[in-house]
Ligand SMILES: Nc1ncnc2c1ncn2[C@@H]1O[C@H](COP(=O)(O)OP(=O)(O)O)[C@@H](O)[C@H]1O
Ligand SMILES: [Mg+2]
């Protein structure tokens with residue numbers, strides 16, 4: 001299909017409007033020109049008509065009183081009439097047909113002929129014999145008839161010109177009105193068509209922007225349409241991909257930073273099983289020749305347990321630090337929390353008590369590493385908050401019945417100082433931290449929020465200044481899970 005860009009469409013639309021405007025202007029100009037001609041012609045006809053009236057007035061007077069001066073006047077006006085006719089033949093041709101014009105020329109000449117004949121006749125018979133004789137009556141009759149024809153022509157044409165001017169003015173009105181309507185309608189149509197396309201695309205973008213800001217990195221299908229809009233959508237998609245990549249990088253680097261701070265704690269945590277193993281091995285070495293098999297078996301059992309413990313710590317650490325694709329799986333929440341605590345316990349002062357109260361069979365569908373990152377962040381914030389001494393409670397429950405859960409609610413509470421009212425609205429912002437430089441990055445909760453939204457869940461905080469803080473996470477249960485795109 002052939003597609004024009006928006007810019008081209010606007011240009012063509014503009015040309016169309018221009019053509020309409022110029023067209024109507026040219027038409028109007030033509031009509032006005034004709035009105036001008038008709039008005040000029042109207043003046044000629046008016047002159048012609050008035051001259052015929054004068055002509056006939058003296059004709060009548062001449063008949064009545066037979067005065068030579070009336071005849072002379074009549075002749076004068078006849079000359080004027082003939083001049084008007086001769087000088088304006090071209091103008092008359094516009095309004096009157098050729099045949100009519102010829103006829104008129106003939107009538108003018110006839111009139112004068114009859115007048116001349118009558119004048120000669122009167123002169124010949126003298127004033128006393130007037131009124132008698134057939135010739136005189138015939139001549140007078142002929143003269144009257146051609147005079148009447150002249151007046152009638154003047155009157156008729158005068159009316160015709162008036163009518164024509166009226167019609168022309170009406171036409172101008174119609175042209176102007178029609179062109180205004182046309183211009184208006186086409187301008188509106190062009191604006192509406194283009195506007196709708198642009199506005200629709202902007203609306204589309206707005207919708208996608210909202211989704212992206214909520215962590216749903218979807219791509220817009222770039223279908224057919226305006227080239228400008230297509231390239232805008234393509235650029236938008238590129239930005240989305242870039243954003244998504246950076247987001248993942250950010251999460252990854254925050255995770256590594258958290259690991260960095262946890263590492264000394266983890267090393268310390270590893271120390272315990274290692275020194276236990278070492279002590280047990282030492283005792284075993286000393287007792288190796290003794291008889292007490294049971295005691296020695298016990299020591300070996302302890303070594304195995306401690307080695308397992310150390311291996312678990314190392315495995316969790318490795319698993320957590322590895323870069324992995326986002327992939328959701330069904331996990332038991334209690335086990336996940338225990339593993340996370342394994343990573344962080346070494347970091348916590350001994351007087352911080354971490355208590356877990358989660359049903360053993362409560363499962364969630366999450367990306368293991370990201371969810372662990374969430375728990376780690378929240379527990380670490382709790383540990384930081386209680387400042388060396390306090391409690392952290394992690395609990396969860398599922399809602400819903402039947403085959404699967406509708407929703408899982410996870411609570412992470414502490415009895416630290418709580419969050420200042422002025423800070424509460426900002427804690428999920430990137431880089432917001434109240435901690436000293438080097439202690440906090442301010443990225444923890446920002447990323448927690450993102451990760452929870454990637455899972456289609458939500459997180460809120462409930463803080464009681466002086467008493468403690470509770471973070472509440474809702475995750476969709478199996479029932480609601482539609483799979484992550
Ligand atoms: N459990 C909590 N108790 C009190 N304040 C908290 C708690 N969790 C977070 N905050 C506040 O929120 C801020 C931001 O937390 P976070 O995004 O994890 O960044 P960071 O831990 O690097 O400061 C913290 O600096 C702290 O002021
Ligand atoms: Mg933090």
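In my numbering, the protein residues as written are 1 to 485. C-beta atoms are modelled at their ideal positions from N, C-alpha and C, and glycine is treated no differently.
### Task
Per DSSP, which residues does residue 471 bridge with? Please list them.
The residue labelled residue 471 in the question sits at position 471 within the chain shown. Note: residue 471 sits in a beta bridge opposite 412, 461.
### Message
Residues in the same chain with beta-carbon distance under 7 Å from residue 252, minus the five sequence neighbours each way, listed in chain order, please.
### Response
In the chain shown, counting from the first residue as 1, residue 252 sits at position 252. Excluding residues within five positions, the ones whose Cβ falls inside 7 Å are 323.
### Query
Looking at residue 416 and ligand 2, is the gap between the Cβ and the nearest heavy atom below 7 Å?
What you label residue 416 is simply residue 416 of the chain shown in a count that begins at 1. Not a single heavy atom of ligand 2 lies less than 7 Å from the C-beta of residue 416.
### Lining residues of ligand 2 - beta-carbon closer than 5 Å to any non-hydrogen atom, in sequence order
So the residues near ligand 2 by this Cβ test are 381, 444.
### Query
Where does residue 110 fall in DSSP's three states?
Counted from its first residue, the chain shown places residue 110 at position 110. Here residue 110 sits in helix by DSSP.
### Query
Excluding sequence positions up to five away, which residues of its chain have a Cβ less than 8 Å from the Cβ of residue 174?
Position 174 of the chain shown holds residue 174. Setting aside the 5 residues that flank it on each side, residue 174 has no residue in the same chain whose C-beta is closer than 8 Å to its C-beta.
### Message
Restricting to Cα atoms, I'd like to know which of 345, 145, 185 is closest to residue 60.
### Response
The residue given as residue 60 occupies position 60 in the chain shown. With respect to the C-alpha of residue 60, the residue from 345, 145, 185 having the closest C-alpha is 145.
### Query
Closest by CA to residue 476, which one among 457, 217, 56?
Within the chain shown, residue 476 is the residue found at index 476, counting from 1. Per the Cα distances, 457.
### Cβ-Cβ distance between residue 94 and residue 37 below 8 Å
On the chain shown, residue 94 is found 94 positions in, with the first residue counted as 1. On the chain shown, residue 37 is found 37 positions in, with the first residue counted as 1. Contact: yes.
### Closest Cα partner of residue 244 within the set 257, 269, 223, 218
Translated into the one-based positions of the chain shown, residue 244 becomes position 244. Ranking 257, 269, 223, 218 by Cα distance to residue 244 puts 218 first.
### Message
Quick check on DSSP: helix, strand or coil for residue 199?
### Response
Translated into the one-based positions of the chain shown, residue 199 becomes position 199. Helix, per DSSP.
### Given 8 Å, three or more beta-carbon pairs between the region 342-350 and the region 405-423
Short answer: they don't touch.
### Query
Quick one, are the C-beta atoms of residue 442 and residue 428 less than 8 Å apart?
As a working note, residue 442 is residue 442 in the chain shown. As a working note, residue 428 is residue 428 in the chain shown. Not closer than 8 Å, so no.
### Identity of the residue in 205, 55, 250 nearest residue 154 by Cα
Here the question's residue 154 lines up with position 154 in the chain shown. Ranking the options by Cα distance to residue 154, first place goes to 55.
### Task
Closer than 6 Å by C-beta to residue 485: which residues in its own chain qualify, once you throw out the five before and the five after it? Chain order, please.
On the chain shown, position 485 is the one that residue 485 refers to. Because the pLDDT of residue 485 is 36, which lies under 50, any placement of that residue in the model is unreliable, and the question is left without a value.
### Query
Which residues in the same chain as residue 42 place their Cβ atom closer than 8 Å to its Cβ, once the five residues preceding and following it in sequence are excluded?
Here residue 42 corresponds to residue number 42 of the chain shown, with the count starting at 1. Correct list, in chain order: 158, 161, 162, 165.
### Message
Considering Cα atoms alone, identify which of 419, 447, 450, 448 is closest to residue 435.
### Response
For the purposes of this step, residue 435 is taken as residue 435 along the chain shown, with counting starting at 1. Nearest of 419, 447, 450, 448 to residue 435, Cα basis: 419.
### Nearest neighbour of residue 367, chosen from 454, 360, 356 [CA to CA]
Within the chain shown, the letter at position 367 stands for residue 367. Of the candidates 454, 360, 356, the one whose C-alpha sits nearest the C-alpha of residue 367 is 454.
### Task
Note the first and the last residue of the continuous alpha helix (DSSP H) segment covering residue 222.
As a working note, residue 222 is residue 222 in the chain shown. Judged by DSSP secondary structure, residue 222 falls outside any alpha helix (DSSP H); it is assigned neither H nor E.
### Message
Can you tell me whether residue 433 is helix, strand or coil according to DSSP?
### Response
Against the chain shown, residue 433 aligns to sequence position 433. Reduced to three states, the DSSP call for residue 433 is coil.
### Cut-off 6 Å between Cβ atoms - residues of its own chain near residue 501, not counting five sequence neighbours on either side
There is simply no residue 501 to check, as the chain begins at 1 and stops at 485 in what is shown.
#### Entry: 8 Å CB neighbourhood of residue 214 in its chain, flanking five on each side removed
Residue 214 sits at position 214 when you count from the first residue of the chain shown. Around residue 214: 453.
### Query
Is the beta carbon of residue 58 sitting closer than 8 Å to the one on residue 73?
Locating residue 58 in the chain shown gives position 58, counting from the first residue. Locating residue 73 in the chain shown gives position 73, counting from the first residue. Yes, the pair counts as a contact, with Cβ atoms nearer than the cut-off.
### Query
Which residues bound the beta strand (DSSP E) around residue 329?
Along the chain shown, one-based indexing puts residue 329 at 329. Per DSSP, residue 329 is one residue of the beta strand (DSSP E) stretching across 328-332.
#### Entry: Strand pairing of residue 399, partner residues [DSSP]
Start at 1 with the first residue of the chain shown, and residue 399 comes out as number 399. Residue pairing from DSSP places residue 399 in a beta bridge opposite 407.
### Query
residue 348: beta carbon under 7 Å from a heavy atom of ligand 1?
Position 348 of the chain shown holds residue 348. Not one heavy atom of ligand 1 sits closer than 7 Å to the Cβ of residue 348.
### Task
Over the uninterrupted alpha helix (DSSP H) stretch that includes residue 451, give me the two end residues.
Your numbering for residue 451 matches position 451 in the chain shown. Note, residue 451: alpha helix (DSSP H), 444-454.
### Message
Could you check whether the Cβ of residue 385 sits closer than 7 Å to any heavy atom belonging to ligand 1?
### Response
Translated into positions along the chain shown, residue 385 becomes position 385. Under cutoff, so the answer is yes.
### Coarse secondary structure for residue 289, derived from DSSP in three states
Within the chain shown, numbered from 1, the residue matching residue 289 stands at position 289. Note: residue 289 maps to coil in three-state DSSP.
### For residue 201 and residue 223, the rounded distance between their alpha carbons
Residue 223 sits at position 223 when you count from the first residue of the chain shown. Residue 201 sits at position 201 when you count from the first residue of the chain shown. Spanning the two alpha carbons is a distance of roughly 11 Å.
### Query
Leaving out five residues before and five after residue 446 in sequence, what residues of the same chain have Cβ atoms less than 7 Å from its Cβ?
For the purposes of this step, residue 446 is taken as the residue at position 446 of the chain shown. Answer for residue 446: 428, 429, 430, listed in chain order.
### Message
Out of 149, 279, 259, 357, which one is the CA nearest neighbour of residue 296?
### Response
Taking the first residue of the chain shown as position 1, residue 296 is located at position 296. Nearest Cα to residue 296 within the set 149, 279, 259, 357: 279.
### Task
Could you name the residues of the same chain whose beta carbon sits closer than 8 Å to that of residue 63, not counting the 5 residues immediately before and after it, in chain order?
Mapped onto the chain shown, residue 63 falls at position 63. Around residue 63: 140.
### Query
Within 10 angstroms of its Cβ, does residue 353 collect 16 or more other Cβ (buried), or is it exposed?
Your numbering for residue 353 matches position 353 in the chain shown. Exposed is the call here.
### Message
Does the region 355-366 come into contact with the region 317-335, if we say contact requires no fewer than three beta-carbon pairs (one atom in each stretch) closer than 8 Å?
### Response
Enough Cβ pairs lie closer than 8 Å, so yes.
#### Entry: CB contact flag (residue 46, residue 107, <8 Å)
Counting from 1 along the chain shown, the entry for residue 46 is found at position 46. Counting from 1 along the chain shown, the entry for residue 107 is found at position 107. Cβ atoms of residue 46 and residue 107: not closer than 8 Å.
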